[in-house]
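J.: If you number the sequence shown the way our numbering does, the last residue is 316 and the count never jumps. Every residue gets a Cβ at the ideal spot worked out from N, C-alpha and C, and that includes glycine. Could you have a look at this structure, given as structure tokens, before my questions?
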Amino acid sequence: MGIRTTAALSPADERAGDILRLRREIGRMQRRRSDDAHLPMPAALRDLLPQGGLQTGTVYSVSPSPSLIFALMSALSQRGGWCAAVGMPTLGLEAATAFGIDLSRLILVPEPGERWLAVVSALAEVVPLIAMNPGSRVPDAEAARLAARLRDRGCTLLTTSPWPQGEGLITLHDPHWEGLGEGWGLLSDRTVTVTAQTRSTPVPKSLRVRLPDDLGRIDTAAEPALDPRESLPTHPSWAVAS
């Protein structure tokens with residue numbers, strides 16, 4: 075397996091060899107630890123987080139939404155940074171392109187199996203932003219080992235599972251499609267609410283955004299008009315994992 079776009083780990087009997095090849099390729103990349111304290115965010119999402127970006131060397135729990143994951147990767151990718159996704163076989167390249175993701179700097183490892191920790195640890199050596207779906211809650215001991223590696227390398231991890239001592243939660247909810255009339259028309263724009271809560275900002279903050287336009291931009295959006303016949307959904311309460 076090479077370090078290239080759409081790179082994928084093969085079935086279980088070949089995974090060990092794939093991880094060795096992954097480590098060799100990573101050794102060639104030789105990323106130096108970044109001195110930046112935060113990774114860039116799209117302008118429309120900067121107000122969600124302190125300092126306007128994802129804190130390096132930390133872990134955020136996120137909704138298992140491809141749109142949210144690509145939105146959080148987009149600014150870094152557009153600046154030439156590497157991104158990776160582990161254990162997310164449903165992520166689509168067309169959707170990534172729509173968010174302005176540079177496919178030549180996107181590593182996909184859709185089926186890591188039980189070796190997901192080894193894969194993420196290896197990628198953390200050279201990739202500054204990794205999204206991961208471990209499939210279940212991560213044991214505290216494994217989480218602690220991986221967190222130490224992330225801090226050492228300045229790598230930020232987005233995980234779809236709860237995470238002990240995580241930096242915060244970022245969720246996507248309340249989607250609203252536009253462009254469809256009474257039985258006619260095409261779905262054109264989609265607006266969503268993105269909510270973030272971190273250790274330094276315990277009160278959740280939400281922004282309404284439009285995902286994305288033809289140029290891959292994520293823009294702020296007005297709250298959707300409500301049908302008076304419909305009741306407002308109950309807003310979830312998010313608590314930072316401890």
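So Leu167 is in the alpha helix (DSSP H); what residue range does that whole segment cover?
T.: Taking the sequence shown and counting its residues from 1, one reaches residue 167 at position 93. Segment 167 to 172, the alpha helix (DSSP H) holding Leu167.
J.: Per DSSP, what kind of secondary structure is Met206 in: helix, strand or coil?
T.: The count along the sequence shown starts at 1 and reaches residue 206 at position 132. Here Met206 sits in strand by DSSP.
J.: Starting from the Cα of Arg225, find the closest Cα among Leu182, Ser135, Thr130, Pro116 and give me that residue.
T.: As a working note, residue 225 is residue 151 in the sequence shown. For Arg225, the closest alpha carbon among the candidates Leu182, Ser135, Thr130, Pro116 is that of Thr130.
J.: Enumerate, from N- to C-terminal direction, the unbroken alpha helix (DSSP H) stretches of 4 or more residues contained entirely within the segment 208 to 250.
T.: 214 to 227
J.: From what residue to what residue does the beta strand (DSSP E) around Leu182 run?
T.: Here residue 182 is taken as the residue at index 108 of the sequence shown, counted from 1. Unbroken beta strand (DSSP E) run through Leu182: 180 to 183.
J.: Once DSSP output is grouped into helix, strand and coil, what is the label at Pro114?
T.: For the purposes of this step, residue 114 is taken as residue 40 along the sequence shown, with counting starting at 1. It is a strand residue.
J.: Taking the alpha helix (DSSP H) that Gln125 belongs to, which residues open and close that run?
T.: Locating residue 125 in the sequence shown gives position 51, counting from the first residue. Note, Gln125: premise wrong, no alpha helix (DSSP H); not H, not E.
J.: Check Ala149 in the structure and name its three-state DSSP category.
T.: Here residue 149 refers to the residue found at position 75 when the sequence shown is read from its first residue. Note: Ala149 maps to helix in three-state DSSP.
J.: Identify the continuous beta strand (DSSP E) that holds Ser195 and give its terminal residues.
T.: Along the sequence shown, one-based indexing puts residue 195 at 121. Element bounds for Ser195: not the beta strand (DSSP E) but the alpha helix (DSSP H), 190 to 197.
J.: Compute the distance between the beta-carbons of Ser280 and Val266, then report whether it is under 8 Å.
T.: For the purposes of this step, residue 280 is taken as residue 206 along the sequence shown, with counting starting at 1. For the purposes of this step, residue 266 is taken as residue 192 along the sequence shown, with counting starting at 1. Result no, Cβ atoms of Ser280 and Val266 do not sit closer than 8 Å.
J.: Going by DSSP, what residue range makes up the beta strand (DSSP E) through Ala159?
T.: As a working note, residue 159 is residue 85 in the sequence shown. 157 to 160 is the extent of the beta strand (DSSP E) around Ala159.
J.: DSSP three-state call for Ser135: helix, strand or coil?
T.: On the sequence shown, residue 135 is found 61 positions in, with the first residue counted as 1. Note: Ser135 maps to strand in three-state DSSP.
J.: Does the distance from the C-beta atom of Ala218 to that of Trp237 stay below 8 Å?
T.: Numbered from 1 along the sequence shown, position 144 holds the residue referred to as residue 218. Numbered from 1 along the sequence shown, position 163 holds the residue referred to as residue 237. No, the Cβ-Cβ distance between Ala218 and Trp237 is not below 8 Å.
J.: Using the C-alpha atoms, what's the distance from Gly240 back to Ser316?
T.: Along the sequence shown, read from residue 1 onward, the residue named residue 316 stands at position 242. Along the sequence shown, read from residue 1 onward, the residue named residue 240 stands at position 166. Residue placement at Ser316 is flagged as unreliable, the pLDDT there being 32, under the threshold of 50; the coordinate-derived value follows with that caveat. Spanning the two alpha carbons is a distance of roughly 7 Å.
J.: Using the DSSP secondary-structure output, state which residues sit across from Ala270 in a beta bridge.
T.: Counted from its first residue, the sequence shown places residue 270 at position 196. Answer is Ile244, Lys279, bridged to Ala270.
J.: Using CA coordinates, which residue listed in Arg211, Ala196, Met162 is at the minimum distance from Ser235?
T.: For the purposes of this step, residue 235 is taken as the residue at position 161 of the sequence shown. That would be Arg211, whose Cα lies nearest to the Cα of Ser235.
J.: Can you give me the C-alpha to C-alpha distance between His250 and Val283, rounded to a whole angstrom?
T.: Reading the sequence shown from its first residue, position 176 is the one you call residue 250. Reading the sequence shown from its first residue, position 209 is the one you call residue 283. Taking the straight line from one Cα to the other gives about 10 Å.
J.: Nearest-angstrom Cα distance between Gly174 and Ile143?
T.: Within the sequence shown, numbered from 1, the residue matching residue 174 stands at position 100. Within the sequence shown, numbered from 1, the residue matching residue 143 stands at position 69. Taking the straight line joining both Cα atoms gives about 12 Å.
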